[in-house]
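Read the sequence shown against full-length UniProt numbering and you will find it ends at 324, with the numbers running on by one and no gaps. Even glycine gets a Cβ: it sits at the ideal position worked out from N, Cα and C. Keep in mind the model is a prediction, meaning the values are calculated, not measured.
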Amino acid sequence: MPLKRANEQTPCGALFDILKRFGGISHKELASMILSERPLADGRSPQSRSSDRSWVSRFVVHAPADASQERLFRDYGVAAQRVMNRLRTSRSGSRTCAEILDMVCGEAGEPMVRALEASHDDVRLYRNALARVRDGEGYTVGERAEAALVLLVAAGCSANVGRAVDYTTEYIRCLMGGRLGTPTSCPVSLDPKKTQVDLVLPRVLGFVRIVDGVIASEPYWVSSGSAGAEIGALATGSEDITDVAGDVSAHHARVWYEAADAGAGRWMLSDLGSSNGTVVVDGDGSAPSRIAKNEAVEIHPGDEVRLGSRTTFVLVEGAAEMAR
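Take a look at the structure:
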């Protein structure tokens, strides 16, 4: 096998480089978003080391591709959701969905292609997957940007194109209700005006159960056009969510969409006086925030919602037709 030159990036190094240069996300921030919370043999989790620049540099950013340890990373889809939320809401300059899609699929994303090539991986497969994510029909610009980020994160963390494509395909099937279809000969337009329309169309919010750091369910969709949904062990409404552990109250929390005059609106979550509490972790990786009983807070795609000690959901955004 040809030797790897010292100045060539690894796929994980390319991931950090792309998101720092074009996304404004520091290495420390990104490490806190993508590293796993599960303890290693010494009892510490990779995420707890995200502030240790030396450790992150040696064992994550600059670790040889063939030494990639997937146990260091959280679920790729959860990590990508956190990155998406950070890019969309950054105070220093948020990115539109079209800009995120272009970042991954365009010139800004080429460092990943070069890193995969240097690792002697199948670059053609990666480019084919990028093309299908970018140009495939049946998805909004926001959904394609999300899928592209999943592919980028999966490729960077796994350093394995086949594994990254398989994961992204399954993610699209489970969370978006479709597949990576063949693009038509005339690609779907990324016209900025159409992008702005996408951002204000009716949406649904999905709750995806996470168990031991990996996705354990398809999304439970809540429609912005409904009265909302309860989450609890004995919730009985048509959109209510009952996929919970035993320490979750019968009627633990409620989620609903609060419409605004301008049409944008926001998603809200309240604790219904639960016994074991409700915690929200912002998608940017900030510290968990416990919701006071009967208090309501705003939530966003990419956030985590924790009910009691054993039930965690990550929030995803979808198109209106996905609602049950």
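Residue environment analysis places L175 among the buried positions, since at least 16 neighbouring C-beta atoms fall within 10 angstroms of its C-beta.
Annotation for V113: V123, Y126 and R127 place their beta carbon closer than 8 Å to its own, counting only its chain and skipping 5 residues before and after.
Counting C-beta atoms within 10 angstroms of its own C-beta, V211 has fewer than 16 neighbours from the protein chains shown and is therefore classed as exposed. One alpha carbon belongs to Q69, the other to V61, and they sit about 12 Å apart. Counting C-beta pairs closer than 8 Å gives fewer than three between the region 33-42 and the region 267-279, which falls short of the contact rule. If you ignore the 5 residues before and after Q47, its C-beta comes within less than 8 Å of the C-beta of A31, S32, L35, S36, E37 and R74, all in its own chain and listed in chain order. For V279, the enclosing beta strand (DSSP E) stretches over residues T278 to V281. Using a 10 angstroms sphere on the CB of H252, the tally of other CB atoms reaches 16 or more, which defines it as buried. When DSSP states are grouped into helix, strand and coil, T311 belongs to the strand group. With a beta-carbon spacing of about 5 Å, I299 and W267 fall inside the 8 Å limit used to define contacts. Within the same chain, I25 and L30 come within 6 Å of L19 by CB-CB distance, once the 5 residues on both sides are set aside. When C-beta atoms of the region 94-114 are compared with those of the region 148-155, three or more pairs fall below 8 Å, so the two segments count as touching.
Excluding sequence positions up to five before and after S217, its CB lies within less than 7 Å of the CB of V208, R209 and D243, all in the same chain and listed in chain order. In the three-state scheme derived from DSSP, where H, G and I count as helix and E and B as strand, S270 is classed as strand. L152 sits away from I231, with the two beta carbons spaced by 8 Å or more.
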